[in-house]
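Below you'll find the structure, written out as structure tokens, and then a few comments.
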Amino acid sequence: MARRPMMAANWKMNKLLREARDYVEQLLPLIEGSEGVDVAIFAPFTCLPEVVRMTRDTPVVAGAQNFYYEDSGAFTGEVSAPMLLDVGAGAVIVGHSERREIFGETDALVAHKTVRAISAGLLPVVCVGETKEERDAGKMWDKVSAQVRAVFEQLDASKISGEDVIFAYEPVWAIGTGETATPEDAQDAIGRIRDLLGEISGEEFAGEVCILYGGSIKPENVDDIMAQRDVDGGLVGGASLEAESFAELVNGAAKGG
Ligand code: PEP
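Each residue of the sequence shown is one higher than the one before, starting from 19 at the first, in the numbering used here.
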């Protein structure tokens, strides 16, 4: 089955409720003509119920940026999968590099969250990517392949379809820096991730999995990135914060990049 392009906004720790409302109100009419693209907004927990409410009966999926794999209990500050489902979230980012680097999330924790998201019926967007030091040392693939393999140490791919999980290749050096991977670098890493998924889980699974690129995507570079064979879309931070520029990215993806 052909994979659908996807454009996902990661608001990170931005937007008050009023700003979230204004954004969604502005965005929806701007992306009306882009039915061929899956669109997601990963909002802070505080805005999530409102984004869910405003995007109901639209093609936009409202998601969270993080969660914890236990369902309830003494985990101060955490939010569980049932809580996300309770407010109507459909997806969740797992293992964003900011969570890995600032909050110390390990490969094992990311894998555990991925398994729980899928079993709960949330679509996980699992982020992987290397630092600048790792890339400069020629260790990009060592790092990225280890992160992908770690997910499948806990996730049994024979029990799910490739449509139950999304991967995002996000080189850490390109996130929020304005420095974008070249389209060829994005294709190289994402093509290798798809090949690895094929090795681990079979060709059918690998052919179904949507793999995004993330790292300083903007309206000026989205076409070249989307034109790459294995790149199915984008996970976007900075350029997703204004409804107009995120709409440009969605509409760019709808044109086929
Ligand atoms: C991200 O946060 O996932 C991201 C890719 O950020 P930016 O687009 O700002 O680089």
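Beta carbons: idealized from backbone N, C-alpha and C, even for Gly. All of these numbers come straight from a predicted model, not from anything done at the bench.
query, result
"Proximity of residue 105 and residue 70 at Cβ, strictly below 8 Å", "yes"
"In chain order, each alpha helix (DSSP H) run of at least 4 residues that lies wholly inside the segment 43-74", "66-73"
"Check whether residue 218 and residue 170 have beta carbons under 8 Å apart", "yes"
"Distance CB(residue 103)-CB(residue 138) smaller than 8 Å", "yes"
"Cβ neighbours of residue 131 in the same chain (closer than 6 Å, five flanking residues each side left out)", "87 and 112"
"Residue 229 beta carbon near the ligand PEP (any heavy atom closer than 7 Å)", "no"
"Three-state secondary structure assigned by DSSP to residue 269", "helix"
"Heavy atom of the ligand PEP within 7 Å of residue 267 beta-carbon", "no"
"Close Cβ partners of residue 98 (< 7 Å) along its chain, the five nearest in sequence each way excluded", "85, 86, 88, 89 and 90"
"Bridge partners - residue 185, DSSP secondary structure assignment", "144 and 229"
"The alpha helix (DSSP H) enclosing residue 208, as first and last residue numbers", "201-219"
"First through last residue of the beta strand (DSSP E) which encompasses residue 80", "78-82"
"The segment 233-248 contacting the segment 182-200, beta-carbon criterion three pairs below 8 Å", "yes"
"Segment limits, alpha helix (DSSP H) that includes residue 111", "First-last for residue 111: 109-112, but that is the beta strand (DSSP E), not the alpha helix (DSSP H)."
"Residue environment, residue 173, which counts as buried when at least 16 other CB atoms sit within 10 Å", "buried"
"Strand pairing of residue 98, partner residues [DSSP]", "86"
"C-beta atoms of residue 73 and residue 35 nearer than 8 Å", "no"
"Strand pairing of residue 252, partner residues [DSSP]", "25 and 231"
"Selection from 61, 141 and 150 that minimises the alpha carbon distance to residue 228", "141"
"Cβ pair residue 166, residue 211 closer than 8 Å", "yes"
"DSSP state of residue 174 mapped onto helix, strand, coil", "coil"
"Among 150, 121 and 214, nearest to residue 195 - alpha-carbon criterion", "150"
"Residue 267 beta carbon less than 8 Å from that of residue 29", "no"
"Closer than 7 Å: residue 188 CB and nearest the ligand PEP heavy atom", "yes"
"6 Å Cβ shell around residue 208 - same chain, five flanking residues per side excluded", "187, 229, 248 and 249"
"Distance CB(residue 226)-CB(residue 39) smaller than 8 Å", "no"
"With 16 other Cβ atoms within 10 Å as the buried cut-off, status of residue 120", "exposed"
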